[in-house]
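Residue numbers (the numbering used here), protein chains in the order written: chain F, 1 to 212; chain H, 213 to 424; chain R, 425 to 636; chain U, 637 to 848. Note that CB positions come from ideal geometry on N, CA and C, so glycine has one too.
Number of protein chains: 4
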Amino acid sequence: MHSFPQHLLDGHANFMSGRYSREKERIRDLAEAGQTPSTLIIACCDSRAAPEMIFDAGPGELFVLRNVANLVPTYQPDGGQHGTSAAIEFAIKGLGISNIVVMGHGRCGGIQAALDPNSKPLDSGDFIGKWMSMLGGLPAQLGQNDLMTPAERQTALERISIRNSIRNLRTFPYVAALETDGKLAVHGAWFDISNGELWVMDVHGDFIRPAL
Amino acid sequence: MHSFPQHLLDGHANFMSGRYSREKERIRDLAEAGQTPSTLIIACCDSRAAPEMIFDAGPGELFVLRNVANLVPTYQPDGGQHGTSAAIEFAIKGLGISNIVVMGHGRCGGIQAALDPNSKPLDSGDFIGKWMSMLGGLPAQLGQNDLMTPAERQTALERISIRNSIRNLRTFPYVAALETDGKLAVHGAWFDISNGELWVMDVHGDFIRPAL
Amino acid sequence: MHSFPQHLLDGHANFMSGRYSREKERIRDLAEAGQTPSTLIIACCDSRAAPEMIFDAGPGELFVLRNVANLVPTYQPDGGQHGTSAAIEFAIKGLGISNIVVMGHGRCGGIQAALDPNSKPLDSGDFIGKWMSMLGGLPAQLGQNDLMTPAERQTALERISIRNSIRNLRTFPYVAALETDGKLAVHGAWFDISNGELWVMDVHGDFIRPAL
Amino acid sequence: MHSFPQHLLDGHANFMSGRYSREKERIRDLAEAGQTPSTLIIACCDSRAAPEMIFDAGPGELFVLRNVANLVPTYQPDGGQHGTSAAIEFAIKGLGISNIVVMGHGRCGGIQAALDPNSKPLDSGDFIGKWMSMLGGLPAQLGQNDLMTPAERQTALERISIRNSIRNLRTFPYVAALETDGKLAVHGAWFDISNGELWVMDVHGDFIRPAL
Chain F
1 MHSFPQHLLD GHANFMSGRY SREKERIRDL AEAGQTPSTL IIACCDSRAA
51 PEMIFDAGPG ELFVLRNVAN LVPTYQPDGG QHGTSAAIEF AIKGLGISNI
101 VVMGHGRCGG IQAALDPNSK PLDSGDFIGK WMSMLGGLPA QLGQNDLMTP
151 AERQTALERI SIRNSIRNLR TFPYVAALET DGKLAVHGAW FDISNGELWV
201 MDVHGDFIRP AL
Chain H
213 MHSFPQHLLD GHANFMSGRY SREKERIRDL AEAGQTPSTL IIACCDSRAA
263 PEMIFDAGPG ELFVLRNVAN LVPTYQPDGG QHGTSAAIEF AIKGLGISNI
313 VVMGHGRCGG IQAALDPNSK PLDSGDFIGK WMSMLGGLPA QLGQNDLMTP
363 AERQTALERI SIRNSIRNLR TFPYVAALET DGKLAVHGAW FDISNGELWV
413 MDVHGDFIRP AL
Chain R
425 MHSFPQHLLD GHANFMSGRY SREKERIRDL AEAGQTPSTL IIACCDSRAA
475 PEMIFDAGPG ELFVLRNVAN LVPTYQPDGG QHGTSAAIEF AIKGLGISNI
525 VVMGHGRCGG IQAALDPNSK PLDSGDFIGK WMSMLGGLPA QLGQNDLMTP
575 AERQTALERI SIRNSIRNLR TFPYVAALET DGKLAVHGAW FDISNGELWV
625 MDVHGDFIRP AL
Chain U
637 MHSFPQHLLD GHANFMSGRY SREKERIRDL AEAGQTPSTL IIACCDSRAA
687 PEMIFDAGPG ELFVLRNVAN LVPTYQPDGG QHGTSAAIEF AIKGLGISNI
737 VVMGHGRCGG IQAALDPNSK PLDSGDFIGK WMSMLGGLPA QLGQNDLMTP
787 AERQTALERI SIRNSIRNLR TFPYVAALET DGKLAVHGAW FDISNGELWV
837 MDVHGDFIRP AL
């Protein structure tokens with residue numbers, strides 16, 4: 001056990017003298033009263049795509065699940081230890097959130113791995129390969145159009161994958177039921193890690209930059 | 213599909229005019245060159261415990277996995293879609309990170325559920341129950357001392373669970389090997405969501421507030 | 425009979441030229457008028473946990489009972505020579521104190537002995553073993569969780585023991601009656617002998633650091 | 637449960653900014669390395685006779701047992717919960733202290749109660765009466781000399797009682813054995829709570845003011 005990374009300790013000291021110091025009352029109230037976030041964000045682990053940064057969100061605002069490539073599996077009540085499904089269940093059944101946002105982002109390493117037919121497993125356990133296999137035949141269905149650039153293919157799959165996760169989300173009976181009742185809204189978003197733009201899914205399923 | 217939540221759009225506008233505007237160069241370089249975070253944080257989905265807030269971290273610094281109660285399973289290369297293991301594999305094998313921090317926090321809803329012998333599943337799928345069953349007999353081993361308060365039992369299990377996740381982390385062959393070679397360090401941390409304090413594991417496995 | 429320890433004589437000379445010299449009037453008045461402390465502190469014999477040091481208290485302020493591990497037995501008017509009960513009776517019935525503080529502390533040797541199932545009696549008289557048996561099954565009720573560190577178990581039992589002493593205090597009929605009448609308040613405290621912090625029991629029985 | 641007494645919180649704040657701040661290193665070392673006091677002081681609970689004040693002693697110096705009237709019972713390994721004997725056993729067998737000081741003081745309330753043949757029990761439990769009965773016939777043996785003032789009788793019994801406690805101490809087999817071997821010294825002291833003087837027992841058992 002090495003000593004705790006100094007850059008994290010320094011960062012925490014900044015937090016204490018900065019945000020904590022300024023918002024102490026609110027933070028303590030949140031601890032005492034319990035969290036009541038209205039939104040579940042399903043995002044990627046990527047260090048460049050933190051939801052709290054992108055949405056300038058403070059403590060108590062966002063319930064955040066982060067896995068590689070922000071994937072959502074289908075509803076599988078088979079007794080397995082499904083971490084993503086547990087977070088979705090907790091957010092909806094335990095916290096009563098009213099919005100779910102599946103947020104992908106550009107240059108996603110997991111999507112890139114899924115796109116590369118020659119990619120080798122990172123390790124013999126091949127957890128990434130198994131995890132990304134949740135996309136099934138979607139990468140292959142992008143076809144072999146040789147006038148589509150690699151970047152375009154990547155962005156395309158990032159967005160297809162968001163729609164796939166949303167489709168899977170709706171296999172959860174309570175997601176479907178609450179959405180039908182107008183008590184829960186499911187959204188898609190895609191963040192451009194280079195120019196900072198947020199693209200959101202419109203009623204057609206297209207990604208657009210929202211009007212300001 | 214409802215329209216995208218306005219508070220998220222407003223937050224993103226703040227991001228663009230604030231941090232993005234100030235750090236544009238760095239953010240674009242990060243997009244271009246790829247991420248090279250040195251640290252994987254395994255944290256909870258709780259809206260009051262965002263790693264980027266706690267460590268005042270900017271884009272590119274932290275690769276962040278968030279699931280309910282920041283649990284890590286044992287190494288199980290069984291072909292299942294293990295999201296947490298995929299993130300760990302990607303962080304180590306794909307990004308070459310040199311620090312892993314398992315960070316728990318106070319008043320964790322998942323831990324609370326694990327402690328309550330009378331808790332009912334939130335849903336018939338019972339994903340939370342199955343997920344928290346990763347703790348095995350640890351909650352029961354806390355005993356039935358009636359002079360221990362509920363808050364004390366909760367803090368005790370939050371910390372026990374961090375140690376359990378660290379023990380499980382070391383069942384990943386590459387974690388154990390890299391740690392032995394001094395190329396990877398595994399840390400534990402516990403965040404007090406009320407007073408903002410960070411407690412870190414020392415060489416004895418105890419949680420202490422680091423000297424400033 | 426050896427000569428009186430020189431370090432104590434030197435210390436007393438310091439007292440005479442220091443505090444006594446400065447507070448002579450008050451000290452003499454206290455001798456003449458009699459003591460009227462408002463608080464009984466029940467503390468441990470440990471050399472690192474003197475109540476007068478911890479509370480920066482001067483002559484006349486604290487009526488102080490110190491035994492191993494600051495234990496209070498239940499009310500047992502059986503004719504035995506109960507030293508702790510005698511001090512409590514004297515403080516309440518003789519001096520009319522209005523506050524009782526049961527103060528435990530970290531790294532308590534008596535608690536450590538109670539926690540070790542393999543500890544051998546220090547002596548054939550085994551006074552420590554008999555004395556600590558006042559805790560009954562509380563140490564065993566902490567369970568056998570192997571991911572709880574020895575230091576955590578110790579702190580847990582130190583705090584449980586304080587609550588047990590408070591529960592026992594309330595078996596004294598006058599303690600219960602005066603407390604009900606609002607004429608006596610019973611408090612718990614735990615002193616960290618390393619960092620100097622004082623933790624006090626809140627309304628839930630939890631130990632917290634009081635806000636300054 | 638009332639809120640913790642403010643005067644104690646204020647006193648602790650003084651401790652933290654005063655002594656703790658000045659002696660932090662030493663105090664932390666003591667916590668880490670364990671206490672090694674060389675002296676056990678058996679003193680009274682009286683608020684005007686704190687050993688640490690009288691001997692200007694800092695953390696780690698004195699292992700302090702305080703009961704009403706600083707009494708020591710005889711060695712009674714009968715299975716009872718003897719608090720005073722437990723502290724003596726711990727000090728000698730557990731800590732290896734080399735000096736024991738039985739310290740009485742002027743105007744002691746316990747001694748006063750023992751002297752008054754008309755005194756009524758403070759309470760039906762009569763813990764004080766039972767406790768002071770440890771002196772047996774000693775108060776009565778002072779006789780009825782009507783030219784001895786009450787103050788003289790009180791001082792006389794205070795000093796007689798110290799010698800009685802020392803006699804009882806020597807019924808502890810290890811006290812007697814270690815004293816014979818020259819590894820333990822037993823001392824008597826009497827503190828004048830009015831003028832601050834310390835009187836110590838000489839080789840004849842007389843109380844004298846030590847030469848400076």
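(request) Could you confirm whether any beta carbon from chain R is found closer than 8 Å to the beta carbon of Gln671/U? (result) yes
(request) State the beta-bridge partners of Cys320/H as determined by DSSP. (result) Cys320/H is not bridged to any residue.
(request) Inspect the beta-carbon positions of His187/F and Val101/F and report whether they are closer than 8 Å. (result) yes
(message) Please report the distance separating the alpha-carbon of Glu409/H from that of Arg421/H.
(response) 7 Å
(request) Report buried or exposed for Glu513/R, applying the criterion of at least 16 other Cβ atoms within 10 angstroms of its Cβ. (result) buried
(message) Nearest by alpha-carbon distance to Ala213/F: which of Thr39/F, Gln76/F and Thr180/F is it?
(response) A question about residue 213/F goes unanswered here, because the residues of chain F that appear run from 1 up to 212.
(message) Classify Gln218/H: buried if its beta carbon has 16 or more other beta carbons within 10 angstroms, exposed otherwise.
(response) exposed
(request) Output, in chain order, the set of chain H residues within a Cβ distance shorter than 8 Å of Ala176/F. (result) The contacting residues do not exist; Ala176/F stays about 13 Å from chain H at best.
(message) As a quick exercise: from Gly549/R, Ser543/R, Pro483/R and Ile521/R, pick the residue whose alpha carbon is nearest that of Gln717/U.
(response) Gly549/R
(message) So, under 8 Å CB-CB, Leu758/U and Lys517/R are touching, yes? Tell me the CB distance rounded to an integer number of Å.
(response) 4 Å
(request) Compare the Cα-Cα distances from Ala33/F to each of Gly230/H, Glu237/H and Arg319/H and report the closest residue. (result) Arg319/H
(message) Less than 8 Å between the C-beta atoms of Phe827/U and Ala685/U, yes or no?
(response) yes
(message) the ligand FMN and Ile92/F: does the residue's C-beta get closer than 7 Å to at least one heavy atom of that ligand?
(response) In terms of ligand content, the structure shown is empty, and the ligand FMN therefore cannot be addressed.
(request) Taking only beta-carbon positions, decide if His416/H is within less than 8 Å of chain R. (result) yes
(message) Taking 8 Å as the threshold (C-beta atoms), are Ala679/U and Met739/U in contact?
(response) yes
(request) Run down chain H in chain order and give the residues with a C-beta less than 9 Å from the C-beta of Ala580/R. (result) Asn357, Met360, Glu364 and Ala368
(message) According to DSSP, is Leu676/U part of a helix, a strand, or is it coil?
(response) strand
(message) Would the region 277 to 289 of chain H count as touching the region 370 to 384 of chain H if we require 3 or more Cβ pairs under 8 Å?
(response) yes
(message) If you follow the beta strand (DSSP E) that Arg454/R is in, where does it begin and where does it stop?
(response) Per the sequence shown, the amino acid found at residue 454/R is Leu instead of Arg. Unbroken run through Leu454/R is the alpha helix (DSSP H), Ser445 to Ala457; no beta strand (DSSP E).
(message) Please report the distance separating the alpha-carbon of Asp646/U from that of Leu433/R.
(response) 31 Å
(request) Would you decide whether Glu152/F is buried or exposed? Buried here means 16 or more other CB atoms lie within 10 Å of its CB. (result) exposed
(request) Just the chain H side, please: which residues come within less than 7 Å of Glu61/F by C-beta, in chain order? (result) Ser259
(request) Anything in chain U within Cβ reach of Ser585/R, meaning under 9 Å, just list it in chain order. (result) Simply none; closest approach about 14 Å.
(request) Run down chain H in chain order and give the residues with a C-beta less than 9 Å from the C-beta of Ala114/F. (result) Within 9 Å Cβ-Cβ: nothing; Ala114/F doesn't reach chain H, min ~12 Å.
(message) Counting only beta-carbon separations shorter than 8 Å, does Tyr20/F have a partner in chain H?
(response) yes
(request) Measure from the alpha carbon of Gly533/R to the alpha carbon of each residue in Ser471/R, Asn523/R and Arg587/R, then state which is nearest. (result) Ser471/R
(request) Keeping to the same chain, check which residues put their C-beta closer than 6 Å to that of Ala705/U; ignore five residues upstream and five downstream. (result) Cys680, Cys744, Gly746 and Ile747
(message) Which residue wins for smallest C-alpha separation from Leu390/H, given the options Ile309/H, Met228/H and Leu283/H?
(response) Ile309/H
(message) Judging by CA-CA distance, which residue of Gln366/H, Ser345/H and Trp343/H is the nearest neighbour of Leu354/H?
(response) Gln366/H
(message) Taking CB distances under 8 Å as the criterion, tell me whether Asn282/H reaches chain R.
(response) no
(request) Would you list the one or two residues that DSSP bridges to Ile312/H? (result) Leu252/H and Val398/H
(message) Taking 7 Å as the limit between beta carbons, can you name the residues of its chain near Asn67/F, skipping five residues before and five after?
(response) Cys45 and Thr84
(request) Could you check the C-alpha separation between Phe428/R and Val836/U for me, to the nearest Å? (result) 7 Å
(request) Report the three-state DSSP secondary structure of Glu380/H (helix, strand or coil). (result) The sequence shown places Asn at residue 380/H, rather than the Glu named in the question. Of the three classes helix, strand and coil, the one that applies to Asn380/H here is helix, per DSSP.
(request) Verify whether the separation of the beta carbon atoms of Leu369/H and Leu396/H is less than 8 Å. (result) no
(request) Confirm, please, whether the CB-CB distance from Pro59/F to Ala95/F is below 8 Å. (result) What sits at residue 95/F in the sequence shown is Leu, not Ala. Result no, Cβ atoms of Leu95/F and Pro59/F do not sit closer than 8 Å.
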